[in-house]
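First the structure, in the form of structure tokens, and then the observations on it.
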Amino acid sequence: MDIIQKNGNIVLKNIKDFVPKHIFECGQCFRWDLEEDGSYTGVVYDKVINVSLEDEDVVLKNTNVDDVENIWINYFDIGKDYGHIKKELSDMDEYLKESTKFGYGIRILKQPFYEMVISFIISARNAIPMIKRSVNKLSEDLGEHIDTYNGKKYYSFPTVKSLANADIEKITASKIAFRAPYIQKTAKMIEDEDIQEKDFEKLTLDETAEKLTKFAGVGAKVADCIALFGLSKYDAFPVDVWVKRVMEEFYLKDTNMSLPKMRKYSIEKFGSLGGYAQQYLFYYAREKGIGKNK
DNA sequence: TTCCAGGGCGGGC
DNA sequence: GCCCGCCATGGA
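Under the working numbering, the residues of the first sequence are numbered 28 to 321, in order.
Next up, the structure:
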């Protein structure tokens with residue numbers, strides 16, 4: 028991979044397995060939006076960045092070489108060989124072969140731990156467009172104005188402190204409804220106990236899930252999402268409605284397996300590749316509407 | 001109008 | 001351990 032400056036933008040040359048649509052629409056993130064020109068603009072780490080694919084190159088706008096080297100290379104997981112991961116999954120069965128072929132440009136983003144906690148609490152019993160709307164409104168109301176890009180204002184994700192100290196009305200204003208008390212409680216707990224990403228570094232997935240489910244509004248599925256997207260626990264396998272459908276369609280026809288058992292089954296089946304398998308399957312299932320009318 | 005969305009919680013058994 | 005009703009909101 029080479030980093031080149033061109034017209035004030037940064038161009039990443041020779042990047043494989045990187046398709047913005049696949050990355051930003053496979054359900055892992057809520058602060059990336061499609062622009063009219065097909066590019067995606069996102070807010071991460073108090074920074075606004077625009078990403079597009081031009082021929083074989085990844086073009087990054089509104090950023091600089093320092094940030095690319097210090098932040099975005101890591102965030103986009105550029106150092107990882109996703110080709111190898113897809114090959115291993117493809118060799119397992121025809122379904123994974125098809126799914127990895129369909130979402131061939133997916134990469135799992137390394138997102139901020141605490142933002143994942145709050146965002147996925149909001150995700151419970153909610154629709155993805157609504158989750159995005161709520162997260163953006165919450166940032167507008169309780170975060171900081173960090174940048175204006177293409178005439179649009181962008182706001183940072185609210186800090187732990189601002190959420191912990193916010194009135195409940197200020198939180199419910201983001202259409203977060205019955206999840207608002209969960210968010211307030213959890214933000215307070217994170218602040219009071221000074222819980223940080225590094226506290227999870229040496230924990231197994233089960234230990235991580237056990238610790239995370241102590242948060243209000245965090246059950247098995249949300250914990251797995253936080254573990255996968257915010258803590259780089261790649262053996263996590265979040266089972267949501269879509270994953271349940273696609274698992275039943277592909278592997279567990281007419282079994283009527285409970286969610287905890289399906290989680291255990293999948294973790295054992297996919298092992299260290301569980302998180303990747305989950306993302307390819309989720310994207311495939313959701314884009315194709317697998318098992319929706321049953 | 002009714003159903004559903006990247007579920008969790010508290011209750012019951 | 002499993003199942004049930006409930007939880008707001010908006011889009012289809």
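Glycine included, each C-beta is placed from N, C-alpha and C at the ideal position.
Residue i Cβ short of 7 Å to the ligand SAM heavy atom set
i: D108; result: The ligand SAM is absent from the structure shown, which contains no ligand whatsoever.
Residue from the options whose Cα sits closest to the Cα of residue i
i: Y141; options: T231, V85, K280, C252; result: C252
i: I105; options: K114, K88, I133, I76; result: I133
i: N41; options: G54, G35, E81; result: E81
i: P139; options: Y307, D108, I155, Y72; result: Y72
i: D194; options: A214, T127, G178, S150; result: A214
i: L123; options: L255, A304, I210; result: A304
i: I37; options: L87, Y67, G65, F57; result: L87
i: S322; options: A263, Q32, N101; result: The shown model of the chain, from 28 to 321, leaves out residue 322, and the question about it has no answer.
i: E220; options: K238, A204, K229, E52; result: K238
i: P47; options: T186, H111, T68; result: T68
i: G244; options: S150, N97, Y307; result: S150
i: L39; options: Y109, S79, D64, W59; result: S79
i: G318; options: K43, E115, K291, L279; result: L279
Collapsed DSSP secondary structure at residue i in the structure displayed
i: K238; result: helix
i: K113; result: helix
i: G69; result: strand
i: L87; result: strand
i: I76; result: strand
i: L165; result: helix
i: E142; result: helix
i: K107; result: coil
i: E228; result: coil
i: E125; result: helix
i: E218; result: helix
i: E52; result: coil
CB contact flag (residue i, residue j, <8 Å)
i: S166; j: Y182; result: yes
i: I50; j: L136; result: yes
i: I30; j: V92; result: yes
i: D174; j: V75; result: yes
i: S293; j: V266; result: yes
i: K241; j: E218; result: no
i: T199; j: A191; result: no
i: W269; j: F297; result: no
i: K271; j: M289; result: yes
i: C56; j: G130; result: no
i: L258; j: T231; result: no
i: E172; j: K180; result: A small fix is needed here, since residue 172 is His in this sequence, not Glu. Yes. Within cutoff.
i: Y311; j: S126; result: yes
i: N77; j: N89; result: yes
i: K202; j: K164; result: yes
i: G110; j: K33; result: no
i: M143; j: F256; result: yes
Cβ-based burial, residue i [other Cβ within 10 Å; buried from 16]
i: K260; result: buried
i: K248; result: buried
i: M28; result: exposed
i: S161; result: buried
i: I222; result: buried
i: F147; result: buried
i: K113; result: buried
i: A254; result: buried
i: I210; result: buried
i: N283; result: exposed
i: I145; result: buried
i: L277; result: What sits at residue 277 in the sequence shown is Phe, not Leu. F277 should be labelled buried.
i: L61; result: exposed
i: P185; result: buried
i: I158; result: buried
i: F205; result: exposed
i: R58; result: buried
i: G35; result: exposed
i: R313; result: buried
i: A250; result: buried
Residue i, enclosing beta strand (DSSP E) - first and last residue
i: T175; result: 172-176
i: Q32; result: 29-33
Where the alpha helix (DSSP H) containing residue i begins and where it ends
i: K40; result: First-last for K40: 36-40, but that is the beta strand (DSSP E), not the alpha helix (DSSP H).
i: L61; result: Per DSSP, L61 belongs to no alpha helix (DSSP H); it is in the beta strand (DSSP E), 59-61.
i: D251; result: 247-257
i: K180; result: Premise fails: K180 lies in the beta strand (DSSP E), 179-182, not in any alpha helix (DSSP H).
i: I294; result: 286-297
i: W269; result: 268-277
i: Q305; result: 301-315
i: E196; result: 195-199
i: V187; result: 187-192
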